[in-house]
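Written out below as structure tokens is the structure these notes cover.
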Amino acid sequence: MSFFIIMLKEVIDNLRDKQTVFYALLFGPVLLPLLLGGSMVASFKQLSIDFDEVTTLSVVNADKAPTLMEFLYSNNIDVVAAPINVQGSLRAGVALVVLEITDDYAEALREGTPAQLTLHVNNASKDSAKAARRVNAILSLYEQTISNLRLQHRGIDPSIFDSLNIVQNDVSSEGANGQLLASILPFLFIMSMVMGGFYLAIDTTAGERERQSLEPLLSLPISRTQVVLGKYAATLCFVLLSTILTALSIFTLFKLFPVEIMGGQVRFDGATLTRAFLLASPLVFFISALLISVSAVTRSTKEAQTYLGLLMIFPMAPFFLLQFLNIRSTLVTMPMPMLSQYQLLESAVLGDVIPTLHIVLSVVGTLSATGLLLLLASRLYQREKLLD
Amino acid sequence: MIVADQLYKSFKRQGSSRRKPETQQRIVAVNSVSFKAEDGCITGLLGPNGAGKSTTLRMLATLVKPEKGHATIDGNDVGTQVLQVRKHLGFMPHNAGIYPRLTARENIQYYARLCGLSRVQSQQRTGELVEQLAMQKFADRRATGFSQGQKTKVALARALVHRPQTVMLDEPTNGLDVMATRGLRDIIRRLAAEGHCILFSSHIMQEVAALCDHIAIISDGTVAMEDSLEGILQRTNQTDLEDAFVQATQLSNSGADE
Ligand SMILES: Nc1ncnc2c1ncn2[C@@H]1O[C@H](COP(=O)(O)OP(=O)(O)OP(=O)(O)O)[C@@H](O)[C@H]1O
Ligand SMILES: [Mg+2]
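As given, the protein sequences belong to chains W and U, one line each in that order.
Using the working numbering, you'd call the opening residue of the first sequence number 1 and step up by one each time.
Using the working numbering, you'd call the opening residue of the second sequence number 389 and step up by one each time.
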């Protein structure tokens, strides 16, 4: 029971420490996903077009083509009057694209000759190019409708002209951007776990030695194993809290800014995130144990920060390793803590089928490593050198 | 009651990588410490810096294991009956070591809970100690920025929280002003009058002379003499504890040089 009292005290004590709280509850779970995830989402936004989003389009001579205007309107485009200086306002970015309808548009349509439309674009601007792509897509749809009508008018089945019906079905889960986005999830999870427990682990072990409060604590009628367990449990609380908050903030981020990546193959919905969280959860135990045992060796908080700072390479290593080496999930990688979670979470986000054996190996491997680390930590606490 | 019998403890010499004989690679912190501290008495462990006072107290507090010799606290062996010893012992180490982000009261309650008191009991006991040690003014303040005297009081309250029969204080008057020192002495006298066994380490002669019923003089890890103040003065033929101290340590050192 003593470990529970120690845990409570350490949690309360550290909740009063601004630095610990900032890194555990704000930096890992909120700032990091916002910075990394946010910038990635933003770049995807720029590339992908959301046809459901209502935008405006400046049109010159809108009154010449009422049917087209209706078609645009039904495709979520509100038509507005064009600026007087078309080129100037495009260059200045006031208007993204301007559609110009020629004076003889209606006549040409009536006579069945090509009717001319001009789309003014500023390709130097990404936003303008993106808007142009959207308008182009809608216009070609309109063009097809008119062509079909003309053909039917002449008694020809329009489907003769569709010699090929090409459907692109991307079955790989290896698309470069999707892959990167998928690997960001384990990265964020592991980072927030480390950041969540980092300062608490240091404060409760090295900090306690530095404050010289360890000596009186160890002279109380409790075993040192209880002391280690209490500090471990406190770290666990913070790491767990940090991880849950991270899952929530990633969920919120992708809910607010949905991205359609690779035809919806990369998913960040509630079910996927829950699955990812569960797959990552053994790491909560592992990382807490790692933090506690490393900082148990150190004499001062400064030393602990140095060691644990180096340890930060651990969560990043698999990230880069997997980016460049393309290591596949195998029975060998699965028992490895961190690496296996990286692969499992990536698979979860990409919607791949994960063999049960892989999950079992990952859980067993990670928890066994945790056990060993805890054993090591409690050994370290039995040393007399601890009080030097 | 504390009985120490020829305690011995050495530490590895840091940074001695050269191939020296094993004996030269270790610092003997405590060579041969034997003394007795009775219940209802204030026993002083008097010795200069580096004499081995803190190491002796740490061995008695089961924080480090003696390499040779034995010691018992209220009949429990410090080497084998570790938890029993800790239950009977209140130990206040050299530095207060209190938690700065907790209030004085929370600091004390934490130890009370760890010693097995229930929440209600620990609040009650803390309240008692706050009153006994006159800590009302700062009891509910966070310990950041506490004065040395305030820190010492909190640390002492913590050491007393489980009503230990034996109380050990390592240089408790360090950094205290005259009034605080007097206050602390009164508390220590009161504890002894209640029947507790008090062991008190210090390098200040006057303090030991003023407070202690029984004195063990320690020098170079060895207890050179152990008696009441009068006994020590008589044995060394001196009128002043300081002279007696010098005499006693010289007596024990004659022959054995470091
Ligand atoms: N953990 C340790 N490692 C190495 N040497 C130590 C250790 N602890 C104590 N010593 C050495 O043992 C000797 C006795 O130290 P100790 O702290 O017991 O002295 P002390 O009587 O408490 O002195 P002071 O009055 O300065 O507090 C010193 O020489 C010290 O350097
Ligand atoms: Mg000392």
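Note that CB positions come from ideal geometry on N, CA and C, so glycine has one too.
Taking 7 Å as the cut-off, the C-beta of residue 602 of chain U does not count as close to any heavy atom of ligand 1.
Against residue 486 of chain U, the close residues of chain W are 211, 213, 216, in the order they occur along the chain (beta-carbon pairs closer than 9 Å).
A Cβ-Cβ distance of about 6 Å is found for the pair residue 381 of chain W and residue 227 of chain W, placing them in contact under the 8 Å criterion.
Cα atoms of residue 234 of chain W and residue 10 of chain W: separation of roughly 6 Å, rounded to the nearest angstrom. Just measuring C-alpha positions, the residue of W/81, W/61, W/195 sitting nearest residue 30 of chain W is W/195. Between residue 57 of chain W and residue 135 of chain W, the C-beta gap is smaller than 8 Å, which places the two residues in contact. Chain W has a Cβ within less than 8 Å of the Cβ of residue 481 of chain U. Non-local C-beta neighbours of residue 78 of chain W in its own chain, meaning closer than 6 Å and more than five positions away in sequence, comprise 56, ordered along the chain. Residue state for residue 397 of chain U is assigned as strand, using DSSP reduced to three classes. By the criterion of at least three beta-carbon pairs nearer than 8 Å, the region 496 to 513 of chain U is not in contact with the region 554 to 570 of chain U.
Shown here, residue 585 of chain U sits in a strand according to DSSP, grouped into three states.
Inter-residue distance for residue 461 of chain U and residue 338 of chain W is about 49 Å (C-alpha atoms, whole angstroms). Look at residue 446 of chain U here: in three-state DSSP terms it is helix. Collapsing the DSSP output to three states places residue 1 of chain W in coil.
The criterion of a C-beta distance shorter than 8 Å is satisfied by residue 241 of chain W and residue 25 of chain W. Remark: the C-beta of residue 631 of chain U is outside contact range of ligand 1, defined as less than 7 Å to any heavy atom. Every residue with a CB closer than 7 Å to a heavy atom of ligand 2 is listed here in chain order: U/441, U/442, U/482, U/558, U/559, U/589.
Every alpha helix (DSSP H) stretch that sits fully inside the region 96 to 159 of chain W and reaches 4 residues is listed by chain position as 105 to 111, 126 to 153. Contact between the region 609 to 624 of chain U and the region 445 to 459 of chain U is not established, with fewer than three Cβ pairs separated by less than 8 Å. Collapsing the DSSP output to three states places residue 464 of chain U in a strand. For residue 606 of chain U, the secondary structure class from DSSP, reduced to helix, strand or coil, is strand.
Counting C-beta pairs closer than 8 Å gives three or more between the region 197 to 215 of chain W and the region 301 to 319 of chain W, which meets the contact rule. Relative to ligand 1, the beta carbon of residue 463 of chain U is positioned no closer than 7 Å to any heavy atom. Contact of residue 379 of chain W with chain U is not assigned, every C-beta pair being separated by 8 Å or more.
Sequence-distant partners of residue 314 of chain W (beyond 5 residues in either direction) whose C-beta falls short of 7 Å from its own C-beta, in its chain, are 338. Of the residues assessed, residue 153 of chain W falls on the exposed side of the cut-off, its CB having fewer than 16 other CB atoms within 10 angstroms. Shortest Cα-Cα distance from residue 574 of chain U to any of U/423, U/414, U/430 involves U/430. For residue 161 of chain W, the number of other beta carbons within 10 angstroms of its own is below 16, and it is reported as exposed.
For residue 439 of chain U, the three-state secondary structure derived from DSSP is coil. Contact annotation, residue 561 of chain U with residue 595 of chain U: C-beta distance approximately 6 Å; criterion of less than 8 Å satisfied. Between the alpha carbons of residue 348 of chain W and residue 52 of chain W lies a gap of roughly 28 Å. Remark: the C-beta of residue 636 of chain U is outside contact range of ligand 1, defined as less than 7 Å to any heavy atom.
Around the CB of residue 54 of chain W, fewer than 16 other CB atoms lie within 10 Å, so the residue is classed as exposed.
Assignment of residue 336 of chain W by DSSP, reduced to helix, strand and coil, places it in the coil class. Exclusion of the five residues before and after residue 521 of chain U leaves 541, 544, 545, 575 as the residues of its chain whose Cβ lies within less than 7 Å of its Cβ.
Among the bridge pairs identified by DSSP, residue 458 of chain U is matched with U/393.
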